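Engineer: The structure is given below, and queries will be raised subsequently.
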Amino acid sequence: MSWYWVVLLVIAALVAGVALGFFIARKYMMKYLKENPPINEQMLRTLMMQMGQKPSQKKINQMMRAMNNQMDK
1 MSWYWVVLLV IAALVAGVAL GFFIARKYMM KYLKENPPIN EQMLRTLMMQ MGQKPSQKKI
61 NQMMRAMNNQ MDK
């Protein structure tokens, strides 16, 4: 009878560990991406020039603001 409790406890600990690990990893990645955004203004300017567009500072600022708003959500 007692080995049922041991198995149940091991399964519960495993599920709790996986859930806790997922949320810690998610929080860490969100913080990392907020501190180190994947695209900066220079990369965006280069990308727009490669696509054949002449990037103005206003357009770059708009796109950066839109990307930052998307990251905040």
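Under UniProt numbering, the letters of the sequence shown match residues 1 to 73, in that order.
Note that the Cβ used here is the ideal one computed from N, Cα and C, for glycine as well.
Please read all numbers here as calculations on a predicted model, not as lab measurements.
1) Whole angstroms are fine: how far does the CA of Leu-14 sit from the CA of Met-67?
2) Taking 8 Å as the cut-off, decide whether the C-beta atoms of residue 75 and Met-48 are in contact.
3) Give the C-beta separation of Arg-45 and Ile-60 to the nearest angstrom, bearing in mind that I take them to be a contact with Cβ-Cβ under 8 Å.
4) Excluding the 5 residues preceding and the 5 following Glu-35 in the sequence, name in chain order all residues of the same chain whose CB lies nearer than 7 Å to its CB.
5) Only counting the same chain, and skipping five residues up and downstream in sequence, which positions put a Cβ closer than 8 Å to that of Asp-72?
6) Which of the three DSSP states is assigned to Ser-56 in this structure?
Structural biologist: Reading off the structure:
1) C-alpha separation (whole angstroms): 37 Å.
2) Since the first residue shown for the chain is 1 and the last is 73, residue 75 is missing from the structure and cannot be characterised.
3) Contact flag correct, Cβ pair sits at about 6 Å.
4) Residues of the same chain with a CB within less than 7 Å of the CB of Glu-35, apart from the 5 flanking positions on each side, do not exist.
5) If you ignore the 5 residues before and after Asp-72, its C-beta comes within less than 8 Å of no other C-beta in its own chain.
6) Ser-56 falls in the coil class under three-state DSSP.
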